[in-house]
Amino acid sequence: MKLFKKANSKLYALIFTCSLLLSVPAWSQTGLTLDVGLELGWWLHQLGAPEQGVFKTHHTGSPFVHLTYQWPFGRWRAGLSLRGGLFLEDDMRGPRDMRILFDRIKIAEPNKSIPFLRYGGQIGYELLRRGNYAFVPAIQYGSFLFGDSHPNRENFGYKQFTEILFTHIWKRPKKHWVLRMNYNTQRIFLRQKSHPLERHQLFSWGMSIGMGF
Numbered sequence: 032m033k034l035f036k037k038a039n040s041k042l043y044a045l046i047f048t049c050s051l052l053l054s055v056p057a058w059s060q061t062g063l064t065l066d067v068g069l070e071l072g073w074w075l076h077q078l079g080a081p082e083q084g085v086f087k088t089h090h091t092g093s094p095f096v097h098l099t100y101q102w103p104f105g106r107w108r109a110g111l112s113l114r115g116g117l118f119l120e121d122d123m124r125g126p127r128d129m130r131i132l133f134d135r136i137k138i139a140e141p142n143k144s145i146p147f148l149r150y151g152g153q154i155g156y157e158l159l160r161r162g163n164y165a166f167v168p169a170i171q172y173g174s175f176l177f178g179d180s181h182p183n184r185e186n187f188g189y190k191q192f193t194e195i196l197f198t199h200i201w202k203r204p205k206k207h208w209v210l211r212m213n214y215n216t217q218r219i220f221l222r223q224k225s226h227p228l229e230r231h232q233l234f235s236w237g238m239s240i241g242m243g244f
């Protein structure tokens, strides 16, 4: 009986806490946010065991445009995200690549960039609010399209990304300004692997500025 009462008290405490979180009004209304920015990152192809080495791109920049639509639930925010941009690289360097001996794979036309589109959902929480300023950490999850010409792209399967966002918001009477910092990892699943540890991953971090309507 004591155990039952203890469980009930914890349940009531959880319900009370959730109701408080949801009852606190967020001054950011449902709406659209558009921001532009730059990511720095690289594409890595792990061939298998560590001694086999990796193919990877340089640490390259990726300009992008990011569009989000959010619905506030108290301090919580749920939304949809769409991001398009260019991956500014056309080849990957292999483990034996040197100035004289080239060990490279072409992933795009020479001197061309790779267009990409990431789409998914996001959930965030308004962690801090001071006057017209708010700080909202969020996480995004979804898939992406990548317009590469990797020689093994027919073996590419599902593409998945996970992203952490830190958004600073400054509210104005009819709009708000945003400054975002992000870190994301993207993974390309393979239909067939030449080694159990073979993998394709992309890593990037970046910053963007924009406006909400």
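Position in the sequence shown (first residue = 1) + 31 = my numbering.
A virtual CB, placed ideally from N, CA and C, is assigned to each residue, including glycine.
Within the same chain, Asp-66, Val-67, Gly-68, His-97 and Arg-211 come within 7 Å of Ser-239 by CB-CB distance, once the 5 residues on both sides are set aside. Secondary structure of Gln-83 (DSSP, three-state): helix.
Per DSSP, reduced to three states, the secondary structure at Arg-203 is coil, with no helix or strand assignment. At a Cβ-Cβ threshold of 7 Å, Lys-202 and Asn-163 count as neighbours. Comparing C-alpha distances from Phe-187 to each of Phe-220, Arg-149, Gln-101 and Trp-74 shows the shortest one belongs to Phe-220. Ranked by Cα distance from Gln-191, the first of Arg-149, Asp-122, Ser-112 and Thr-99 is Arg-149. Cα atoms of Gln-83 and Arg-218: separation of roughly 20 Å, rounded to the nearest angstrom. Residues of the same chain with a CB within less than 8 Å of the CB of Pro-182, apart from the 5 flanking positions on each side, are Ile-136 and Lys-137 in chain order. Ser-93 is the residue among Leu-63, Ser-93, Val-209 and Arg-160 whose C-alpha sits nearest the C-alpha of Phe-177.
The residue from Leu-75, His-90, Glu-120 and Gly-62 with its alpha-carbon nearest to that of Gly-237 is His-90. Annotation: the continuous beta strand (DSSP E) that includes His-231 extends over 230-243. Non-local C-beta neighbours of Leu-63 in its own chain, meaning closer than 8 Å and more than five positions away in sequence, comprise Leu-98, Thr-99, Tyr-100, Gly-243 and Phe-244, ordered along the chain. Taking the C-beta atoms as reference points, Gly-79 is found nearer than 7 Å to Leu-228. For the pair His-207 and Trp-107, the Cα-to-Cα distance works out to about 18 Å.
Counting the other Cβ atoms within 10 Å of the Cβ of Gly-241 gives 16 or more, which makes it buried. Taking a C-beta distance under 7 Å as the contact criterion, Gly-155 and Val-167 qualify as a contact pair. For the stretch 106-181, the continuous beta strand (DSSP E) assignments of 3+ residues that do not extend past its boundaries occur at 107-118, 122-124, 135-137, 145-156, 159-161 and 164-177, in sequence order. The residue among Arg-160, Ser-225, Gly-110 and Ser-144 with its C-alpha nearest the C-alpha of Glu-120 is Ser-144.
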